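Chemist: Position 60 of the sequence shown, counted from 1, bears residue number 40 in the numbering used here, the numbering being contiguous throughout. This is the structure I have questions about; it appears just below.
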Amino acid sequence: VARQTLVGGVYGLLDSRTYAETPSAVVARAFAEHFGSEVLQVNAATPPHLSIFAHCGRGAATVAFLVVNVGNRTESLMLPRHGAGPVVLSLAG
C-alpha cells in the first residue's frame, strides 16, 4: 500500500505513538482480503457524499463493495439480492 502524506495530515497505517492500526490500515487489509483485481462499473443514484466501488471478490462468483460516506449524516442504501428481498445498509456519516 502506497500512501501520500500531506502537510499536517495523518495518513499512516499505524499510530505513531501506540502502533495501533489506524482506520486506513483496516480498510487496506479488508481491501486486500476481499477485493479482486477486476473493477466493476457501479450505476447508482446516490447523494454526492456517497461513493460506491465494486470489484470481483476473491471468492468464486462474489462481488465486493466499498461504500464511503463522507457526509455528516447517516444514509441508507438498498442492494438487490437474487432470490430474496433487498439488503438495506445503514451508513453512518
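Backbone N, C-alpha and C define an ideal beta-carbon position, used for all residues, glycine too. Predicted model, so just to flag it, every value in this text is computed and none were measured.
Would a C-beta distance cut-off of 7 Å place Ala24 and His35 closer than the cut-off?
Modeler: Counting from one through the sequence shown, the residue named residue 24 turns up at place 44. Counting from one through the sequence shown, the residue named residue 35 turns up at place 55. No; because the gap between Cβ atoms is not below 7 Å, this pair is not in contact.
Chemist: Going by beta-carbon coordinates alone, are Ile32 and Val47 separated by less than 7 Å?
Modeler: What you label residue 32 is simply residue 52 of the sequence shown in a count that begins at 1. What you label residue 47 is simply residue 67 of the sequence shown in a count that begins at 1. Result yes, Cβ atoms of Ile32 and Val47 sit closer than 7 Å.
Chemist: Apart from the five residues on each side of it in sequence, which residues of its chain come closer than 7 Å, Cβ to Cβ, to Leu20?
Modeler: To locate residue 20, count along the sequence shown from 1; it is residue 40. Excluding residues within five positions, the ones whose Cβ falls inside 7 Å are Ala34, His35, Cys36 and Val43.
Chemist: Quick check on Ser(-4): does DSSP put it in helix, strand or coil?
Modeler: Numbered from its first residue, the sequence shown carries residue -4 at position 16. Residue state, collapsed to three classes: coil.
Chemist: Does DSSP put His29 in a helix, a strand or coil?
Modeler: Indexing the sequence shown from 1 puts residue 29 at position 49. It is coil, neither helix nor strand.
Chemist: Going by DSSP, what residues sit across from Ala34 in a beta bridge?
Modeler: As a position in the sequence shown, residue 34 is number 54, starting the count at 1. DSSP lists Leu20 and Phe45 as partners of Ala34.
Chemist: Just the C-alpha distance for Ser4 and Ser(-4), rounded to the nearest angstrom, thanks.
Modeler: Numbered from its first residue, the sequence shown carries residue 4 at position 24. Numbered from its first residue, the sequence shown carries residue -4 at position 16. If I take the Cα positions, the gap works out to 13 Å.
Chemist: Could you check the C-alpha separation between Ala0 and Leu(-6) for me, to the nearest Å?
Modeler: As a first step, residue 0 must be located in the sequence shown, where it is residue number 20. As a first step, residue -6 must be located in the sequence shown, where it is residue number 14. The straight-line gap from Cα to Cα measures roughly 5 Å.
Chemist: Going by beta carbon distance, what residues of the same chain come within less than 7 Å of Gly16, once the five residues before and after it are set aside?
Modeler: As a working note, residue 16 is residue 36 in the sequence shown. Closer than 7 Å at Cβ, skipping near neighbours: His35, Cys36, Gly37 and Arg38.
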